[in-house]
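Notes follow the structure.
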Amino acid sequence: MGVAAPSTLRLTGQRLQTTADLTPGQEVLAEITGNIAVANDGNPSFTTVKLLLASSQIAGPVAAVNSSAGSFALTNIWSLFTKANPAVTQLEVQTGTQITFVDLTPADASAISTSSKVAVKGPLFNTIGSVGQPTLSALQVAGR
């Protein structure tokens, strides 16, 4: 199912400019220039002139809801996050007015409660240094 991206996202002040802005779980599109090499740790190494942050899709149970801030926390997330260094055990998900709610009753943020199981889609930002966990700016929240 495709989701139309709003012209503006609720999360402000985030960037994707250097490798320090990358975090496990991000989906990126890279325009690679030159050859791809494999580093000693087995990871690919390449040079890019463009790096586009695409929407990530992540599922998990809701650990906490902050309705006044329009956000909730996902926990028990995939091992891609929990095996990272440092380990990420929780994600902050920010919602806004341009979000699509699917398979939730009612079809809005009030349907999200602690222990709800949801899948979220949106750009994921490395906010570990400022917030303590990555932050996803949700375009879609689906009940599971």
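The sequence shown: position 46 = 1037 (our numbering), numbered continuously. We put the CB at the ideal spot given by N, CA and C, even for glycine.
Nearest to residue i by alpha carbon, out of the options?
i: residue 1083; options: 1091, 1038, 1055 and 1104; result: 1055
i: residue 1109; options: 1043, 1044 and 1129; result: 1129
i: residue 1074; options: 1014, 1010, 1098 and 1090; result: 1014
i: residue 1122; options: 1062, 1096 and 1020; result: 1062
i: residue 1094; options: 1088, 1114 and 1133; result: 1133
i: residue 1119; options: 1016, 1089 and 1079; result: 1079
i: residue 1077; options: 1131, 1018, 1125 and 1027; result: 1125
i: residue 1113; options: 1097, 1012 and 1050; result: 1050
i: residue 1135; options: 1031, 1111 and 1117; result: 1111
Assuming contact is defined by CB atoms lying nearer than 7 Å, are residue i and residue j in contact in what I supplied?
i: residue 1103; j: residue 1029; result: no
i: residue 1086; j: residue 1064; result: no
i: residue 1071; j: residue 1043; result: no
i: residue 1066; j: residue 1081; result: yes
i: residue 1032; j: residue 1117; result: no
Could you have a look at residue i and say whether DSSP puts it in helix, strand or coil?
i: residue 1113; result: strand
i: residue 1062; result: strand
i: residue 993; result: With a pLDDT of 38 at residue 993, under the threshold of 50, the modelled position of this residue cannot be trusted; read the value that follows with caution. The answer is coil: DSSP assigns residue 993 none of H, G, I, E or B.
i: residue 1107; result: coil
i: residue 1102; result: helix
i: residue 1010; result: helix
i: residue 1086; result: coil
i: residue 1041; result: strand
i: residue 1076; result: coil
i: residue 1016; result: coil
i: residue 1130; result: coil
How would you label residue i, buried or exposed, when you count the other beta carbons within 10 angstroms and need 16 or more for buried?
i: residue 1038; result: exposed
i: residue 1047; result: buried
i: residue 1057; result: exposed
i: residue 1105; result: exposed
i: residue 1041; result: exposed
i: residue 1025; result: exposed
i: residue 1035; result: exposed
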